[in-house]
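Numbering (my numbering), first residue to last: 1 to 128.
Cβ coordinates follow ideal geometry from the N, Cα and C atoms, glycine included.
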């Protein structure tokens, strides 16, 4: 009887794992996760640069990669290495994980708008 119960449990586990994985080897959870790619623009300008949110290090703190040409939008922003998401949905970019260089609030629609520093006004939207 124990052998039969063990066999049923094994089949259920295997079937569940197959259900969660798609044919290309990625799990359903990985497919649902956002890409982390953002487009940063200043003052609605045509100039833009790429920002990539990386691996989460701790609750709300993730690695961040900012393209070198982002410094044209805001000098110093190319040094940031961390993305910190607050409970209210705001996001801060920092060099050390603590002291923000720029802070964004959730914008109307999809994305973020900076509020500190006051200038330049930066917009952060999904996609590159």
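Rounded straight-line distance, which links the Cα of residue j to that of residue i
i	j	result
residue 51	residue 37	6 Å
residue 126	residue 113	12 Å
residue 119	residue 41	12 Å
residue 86	residue 117	17 Å
residue 97	residue 71	19 Å
residue 45	residue 82	25 Å
residue 88	residue 59	14 Å
residue 100	residue 47	23 Å
Whole-Å CB distance - residue i paired with residue j, under 8 Å assumed
i	j	result
residue 54	residue 64	6 Å
residue 121	residue 43	5 Å
residue 90	residue 107	Rounded, the Cβ-Cβ distance is 11 Å, inconsistent with contact.
residue 61	residue 39	Actually they do not touch by this definition, with Cβ atoms about 22 Å apart.
Neighbourhood of residue i by C-beta, 6 Å cutoff - its chain only, sequence neighbours within 5 removed
i	result
residue 67	49 and 50
residue 78	66, 68, 70 and 71
Residues that residue i bridges to, as DSSP identifies them
i	result
residue 49	40
residue 55	In DSSP, residue 55 forms no bridge with anything.
residue 65	52
residue 87	Answer is none; residue 87 lacks a bridge partner.
residue 112	106 and 124
residue 100	94
8 Å CB neighbourhood of residue i in its chain, flanking five on each side removed
i	result
residue 102	74, 77, 80, 92, 93, 114, 116, 117 and 122
residue 110	125 and 126
Contacts around residue i, its chain only, beta-carbon distance under 7 Å, and the 5 residues preceding and following it disregarded
i	result
residue 105	90, 112, 113 and 115
residue 57	63
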